[in-house]
Structure formats: structure tokens, C-alpha cells
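Heads up, the numbering used here is the position in the sequence shown plus 61, with the first residue counted as 1.
Let me begin by presenting the structure, written as C-alpha cells, before commenting on it.
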Amino acid sequence: MYGDVMTTLTDRPNSALVVIDVQTGVVGGAVRRDEVVAAIGDLVDRARDASVPVVWVQHDDDELARDSDEWQIVPELAPAPDEPIVYKQYGDSFEATDFEERLADLGVGRLIVTGAQTDMCVRSTLHGALARGYDALLVGDAHTTEDLSEWGAPAPEQVIAHTNLYWKFQSAPGREAGTVAAADVDFSGGSG
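Okay, here's the thing in C-alpha cells:
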């Protein structure tokens, strides 16, 4: 389903792995934290080996202060010096950031999305990408969320399963969406 880029964006033949908010304070209480971080680490290694850009996204707000220990990317993962980091303050990684410009500079029209939290920034960024003309692929076993059931949300496992299910069937004219397992992500096309 996701072999050829079908983005509606012109001159954007490349893919990028996007790592959203895998920060100490964001994933500290997340479901399957270690498993998800390990899956993302493997994807980052595979993307780098295939010369596919890795774009990191880091959130800050009143509860997650920039440069604090909680704001840092988890110690198991580290952006390479040449990999872009997008700093954001809203759920959608495109809002009030330079994400779009960085993707344009890399010729990226297809996003392979991982990170946290499933029901907030991951979901917002997926929808933001599709609405802006990108292909947007969710890696089903490389995103997570915390338990927000005390505020009326479903259990985190259900949030993740539901997001994987509904994103599997998303589509838009001239664009592809979908959900794939980390082991099935194909980086063989490289960045060009």
C-alpha cells in the first residue's frame, strides 16, 4: 500500500521518519514505554542506514519547560548533529513551527510518524500532514500515550489500538495514509 509516494506536493519525492515528543517528561508514564522507544531507536538506525532523513519534534509549554530535564529527548535516543529538530508548542507539529520549511528543504512529501502522545500530538500531526498534502504513515507499534482514563479517556491500550485502526483506513485525494508495523517499514527507497 505505501510503496510509491503519491503526495500532492510537487517536487517532494522523499520520505522522512518523524519522531514526535519522545521526551523524558512526555513518555515517562507511557504504556509500553521501553518497547516503543526501542522500536523508534531501531527505525532511526534503519532510516539513517538508508539515508532517509530523521526529523525530531520537541514540545514545550507551561508544564514542560524548555531545557528542563523533562523536556530532553529520552536518553536512549539522540538526534544526530545534522538532523533537524522542530520545536513546537501546539499538538500539530506544523503549527507555528518551521516543520514545513524543513520538510520542503529535504524534498519530503511522505512522513513516517512515530512518537507520543498517540491521542494528542501524534494524531494532530497525522491529520495536519494529510490536510497539507503529505502522505502520512503511522508506525503502529512505535507510538504511545499515558493513562488519561481518570479524565474520561479510554485505557491507553485502547487509544493506541483505535488510532492504529482508524488511521489504517484514512485517505484523501492524491494522498496515502495508513498504519504499518515497525518491522514492515521499507526505507529501501532512501531519500530520493
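Note that CB positions come from ideal geometry on N, CA and C, so glycine has one too.
Proximity winner among the options, relative to residue i (alpha-carbon distances)
i           : options               : result
residue 78  : 176, 85 and 151       : 176
residue 205 : 187, 180, 243 and 158 : 180
residue 226 : 211, 198 and 249      : 198
residue 195 : 234, 120, 222 and 202 : 234
residue 106 : 125, 150, 144 and 158 : 144
residue 193 : 164, 215 and 85       : 164
residue 112 : 141, 149 and 133      : 141
residue 151 : 246, 85, 122 and 83   : 122
residue 200 : 222, 207, 217 and 215 : 222
residue 245 : 71, 155 and 108       : 108
Rounded separation between residue i and residue j - CA only
i           : j           : result
residue 138 : residue 188 : 25 Å
residue 116 : residue 212 : 32 Å
residue 229 : residue 239 : 4 Å
residue 94  : residue 88  : 6 Å
residue 98  : residue 209 : 20 Å
residue 171 : residue 120 : 22 Å
residue 203 : residue 158 : 23 Å
residue 147 : residue 118 : 5 Å
residue 174 : residue 102 : 13 Å
residue 161 : residue 155 : 6 Å
residue 91  : residue 132 : 15 Å
residue 124 : residue 184 : 20 Å
Continuous beta strand (DSSP E) stretch holding residue i: start and end
i           : result
residue 148 : 146-149
residue 239 : 236-241
residue 119 : 115-120
residue 104 : That residue, residue 104, is in no beta strand (DSSP E); its alpha helix (DSSP H) goes 94-110.
residue 44  : Any property of residue 44 remains undetermined from this structure, which presents the chain solely from 62 to 253.
Where residue i falls, given that 16 or more other Cβ within 10 Å makes a residue buried
i           : result
residue 75  : buried
residue 178 : buried
residue 186 : buried
residue 219 : exposed
residue 224 : buried
First and last residue of the uninterrupted alpha helix (DSSP H) at residue i
i           : result
residue 187 : 184-192
residue 222 : 217-229
residue 174 : No alpha helix (DSSP H) contains residue 174, which is instead part of the beta strand (DSSP E) from 169-177.
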